[in-house]
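Some notes on the structure that comes next.
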Amino acid sequence: MNDTGLNTVWHDLWLTLTLQGGSASRWVLVAATLLGASCGIVGTFAVLRKRAMMSDALSHATLPGIATAYLAWTALGRDGRSLPVLLLGAALSGVLGVLATQAIIRFSRLREDAAIGAVLSVFFGVGVVLMSVIQSLSTGTQGGLHHFILGQAAAMTSDDARLIAIAGGAAVLIATLLHKEFRLVTFDGAFAQVQGWPVSLIDLVMMALVVIVTVVGLQAVGVVLIVALLVIPAAAARLWTDRLGRMLVIAALIGGVSAYVGVAISAVAHNTPTGAAIVLCAGAAFGVSLLFAPRRGLLARSLDLARLRLRIACEHALDAMLEHADGRYDSHDIARSVRSPLARALLPHSLRRWGWARQTSDGLVLSEAGRARAKAQRDAIAAWHGYLDVTGAAHPGGGRPSADAVEHVLSPRMVEEILRATAKVSELPSGGASRERAAP
Amino acid sequence: MSPLHASRSTPATLAPFPEHSSESPLSIHDVTVAYHSKPVLWDVDYDAPAAALVAIVGPNGAGKSTLIKASLGLTPIASGRVEFWGEPYSKARRRVGYVPQRESVDWEFPVSALDVVCMGRYASIGWFRPVRRADRDAAMECLQRLGLADLAQRQISQLSGGQQQRVFIARALAQQADLYLMDEPLAGVDATTEKVIIDVLRNLRSQGKTVLVVHHDLQTVPEYFDHALLLNARVVAAGPVKDVFTPANLTRTYGGRLTALDEAAEALARAERGDPLEGRPSTRRSATP
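Line by line, the protein sequences are chains F and X. Going by my numbering, the final residue of the first sequence carries number 447, and the count climbs one at a time with no gaps. Going by my numbering, the final residue of the second sequence carries number 491, and the count climbs one at a time with no gaps.
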């Protein structure tokens, strides 16, 4: 592709993204965005309810329904490509797939993953066979049906887009209205039932929303990849927050933006299936979240780990410094207890920064705070060893500290607690009860 | 004793079953529960006294949790019925608080301690409406009573086991009930937490409320509770702790496997079978994680 060609593509993508009449119609973009946002919200509850794989079975099981609906409607002499008819067929066979999975779990000894794997592939296989039957029956007229496998937003008419936008908007509205009920049933169904909530009904509504967004999303995203739009935004959002409310908003944003950008990309690059483009966008958002999310991201976690290691190195160094009467920092001593060269390089600075050592003309020495800290550390270690000794638990080092160490080092309250724990282990009347008590 | 009770072949040493009355916060009438035709609870007949702390004790598999779940309609009852103040549960549920076992939920769920306690208010808030400020304040007060006010905003997986247990109790308090059913609220909690929880329970009793607690630590039963229900599929004994908490009743409840002698016999039997744990006293084994 030459320079001018590339520039045209970028220009086209820009026009499309800014709704200035690029390659995708406005309605298609609006529909896709609403679809993505509703998938993010509905998917969040599905993921928290541990139904991500069930959604995958559902979406794959829709394919034979689409083909059957097409065949049946054509046999009746109508236009088989009518979207509402196809989606009805999709919903029916999708639900049938879910019910088949549940039945297999209930009446066989198979686990959920095996049941889902079996149902998903059999339904999908039947769908693919029916699609090729359609192709051989009526050459040329099946136009658009194969888009349901990988998704092609360009195949949407503006009527289709409106239907999808309305369904997506309705799903968002229902999930918002029932947010409190969904939260309760998803977190603790038994408690909800005891309070008198119709748990099965609320659960059914949650599942119905999954069916709705899956089915209306089929045309744009496709049978194979729609589950990604349910799972990825929710999974990415979980990395950014610990609150359900915020998680829903973030998942809706990631889903909506991914769908919007994905549709624009596939409209401009005509050979890219929309589903793939959308999932790549969502996947990129997930990758960024995985790396950079605060606290849960890989970067934040490695920084935390490094900080923890440095702290442990400092504690070892304090212990070594306490050995010297003048509390001086002897790099030979330190090298024995702190192995990492990086930690050793950072140690003097960190000790000063935390106020545990100060710089004198003789070099680095323990400060008052550092001395107190080092002593407190030793006390804590002795108490821990004492506890292990008294309760008879395995001693990590293999040795056993002397009995009087426990007496002299521990505070009276700690001794009391240790004795209490000891009594529980050895003096309970019931062997059964004491076992449960002692094994945390 | 009613003729019905008298006709039953109950050993004379058992405490007599109390009369059923509509005054009782919880009346269990001849309840039998079965899982796959295997009975878990047999003909349980029990009246909980008002304003009391009741310990439900018994060995593993005795049906303690099942009794609570069956009372609340979470487990189907094969025969018999349960009444709360003389009414079915569906009419009394606003007056009943429930603390499930801690393991029954996923603590990674993205909610704060305060969010969970607010769930105790959902029934009174009703359909579609969001949680109001007043509900949040009430929930906060419940957290405070369990000493968790500082941790209100913490995500629940970042709480210790004892703190999670207290969050569940705070949620039940937020239900503002008159009867509380708690499934092992003291399981695996540290000494400090245990004391906080017991203080809360005593406070409830002093307000005239009844608390039924599935409890594992036999040692603390006389100290913490005034009534006990000794259960092993059937009711072995029920009544004031000082009357029913006798060695004879306990032996019957735990199938005679309570004494050191029994454990020694068991260990010897194992040793004869060549079990690797041969001959070691069970307390020693339990102390090794």
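All C-beta atoms, glycine included, are put in the ideal place defined by N, C-alpha and C. Please read all numbers here as calculations on a predicted model, not as lab measurements.
Cβ neighbour criterion (16 or more within 10 Å) applied to residue i
i, result
"leucine 460(X)", "Summary for leucine 460(X): the model assigns pLDDT 48, below 50, so the residue's position carries little reliability; its value from the coordinates is reported in the next sentence. With 16 or more Cβ atoms within 10 Å of its Cβ, leucine 460(X) is classed as buried."
"phenylalanine 330(X)", "exposed"
"tryptophan 17(F)", "exposed"
"asparagine 451(X)", "buried"
"threonine 394(X)", "exposed"
"lysine 411(X)", "buried"
"glycine 224(F)", "buried"
"isoleucine 399(X)", "buried"
"tryptophan 21(F)", "exposed"
"serine 437(F)", "Low local confidence applies: a pLDDT of 42 at serine 437(F) is under 50, so the model's placement there is unreliable, with the coordinate-based value given in what follows. Buried: at least 16 other Cβ atoms inside 10 Å."
"proline 205(X)", "For proline 205(X), the predicted structure reports a pLDDT of 43, less than 50, and the residue's modelled location is therefore unreliable. A value from the coordinates is still provided. Exposed, because fewer than 16 other Cβ atoms sit within 10 Å of the Cβ of proline 205(X)."
"glutamine 355(X)", "exposed"
"alanine 365(X)", "Per the sequence presented here, residue 365(X) reads as glutamine, with alanine not at that position. Glutamine 365(X) should be labelled buried."
"histidine 331(F)", "exposed"
"tyrosine 237(X)", "exposed"
"histidine 323(F)", "buried"
"leucine 251(F)", "buried"
"aspartate 352(X)", "exposed"
"glutamate 188(F)", "buried"
"arginine 173(F)", "Per the sequence shown, the amino acid found at residue 173(F) is isoleucine instead of arginine. By the 10 Å Cβ count, isoleucine 173(F) comes out exposed."
"proline 449(X)", "exposed"
"serine 62(F)", "buried"
"aspartate 401(X)", "exposed"
is_contact[residue i, chain F] using C-beta, thresh 9 Å
i, result
"arginine 304(X)", "no"
"leucine 445(X)", "Per the sequence shown, residue 445(X) should be read as aspartate rather than leucine. Output row for aspartate 445(X): interface = no."
"glutamine 409(X)", "no"
"glycine 265(X)", "no"
"tryptophan 329(X)", "yes"
"valine 284(X)", "no"
"serine 292(X)", "yes"
"leucine 269(X)", "no"
"aspartate 317(X)", "yes"
Opposing strand residues paired with residue i [DSSP bridges]
i, result
"leucine 433(X)", "Val437(X)"
"aspartate 249(X)", "Ser229(X)"
"glutamate 285(X)", "Ser229(X)"
"glutamine 366(F)", "Leu371(F)"
"valine 416(X)", "Ile258(X)"
"arginine 331(X)", "Partner(s): none; arginine 331(X) has no beta bridge."
"alanine 236(X)", "Pro241(X)"
"tyrosine 300(X)", "Leu383(X)"
"glutamine 357(X)", "Ser314(X)"
"proline 442(X)", "His429(X)"
Any chain X beta carbon closer than 9 Å to residue i
i, result
"leucine 251(F)", "yes"
"arginine 190(F)", "yes"
"arginine 245(F)", "yes"
"aspartate 167(F)", "no"
"glycine 203(F)", "yes"
"lysine 382(F)", "no"
"phenylalanine 194(F)", "yes"
"methionine 61(F)", "no"
"alanine 307(F)", "no"
"alanine 177(F)", "no"
"leucine 216(F)", "no"
"leucine 315(F)", "no"
"alanine 440(F)", "Residue placement at alanine 440(F) cannot be trusted, given a pLDDT of 39 that sits under 50; the coordinates are not used to answer."
For residue i, the nearest candidate out of the options (CA to CA)
i, options, result
"alanine 325(X)", "Ala342(F), Gln202(F) and Ile73(F)", "Gln202(F)"
"arginine 334(X)", "Thr234(X), Arg323(X) and Val284(X)", "Arg323(X)"
"leucine 157(F)", "Ala227(F), Val35(F) and Glu119(F)", "Ala227(F)"
"histidine 356(F)", "Ala241(F), Arg308(F) and Arg318(F)", "Arg318(F)"
"leucine 432(X)", "Arg304(X), Ile258(X), Arg283(X) and Ala372(X)", "Ile258(X)"
"leucine 345(X)", "Leu316(X), Ala439(X) and Gln357(X)", "Leu316(X)"
"glutamate 225(X)", "Pro251(X), Asp247(X) and Thr234(X)", "Pro251(X)"
"alanine 320(F)", "Ser347(F), Leu306(F), Gly304(F) and Gln384(F)", "Ser347(F)"
"valine 246(X)", "Gly263(X), Ser292(X), His429(X) and Ala439(X)", "Ala439(X)"
"tyrosine 382(X)", "Gln421(X), Leu406(X), Asp392(X) and Val369(X)", "Leu406(X)"
"glutamine 360(X)", "Ala435(X), Trp309(X), Thr455(X) and Thr422(X)", "Trp309(X)"
"glycine 134(F)", "Asp249(F), His186(F) and His67(F)", "His67(F)"
Rounded distance between the beta-carbons of residue j and residue i, thought under 8 Å
i, j, result
"leucine 325(F)", "arginine 380(F)", "6 Å"
"alanine 160(F)", "threonine 281(F)", "4 Å"
"glycine 43(F)", "leucine 236(F)", "6 Å"
Contact set between residue i and chain B, taken where Cβ atoms lie within less than 8 Å
i, result
"threonine 248(F)", "This model lacks chain B altogether, as its protein chains are F and X."
Residue i beta carbon near the ligand COA (any heavy atom closer than 8 Å)
i, result
"methionine 328(F)", "This structure simply doesn't include the ligand COA, nor any ligand for that matter."
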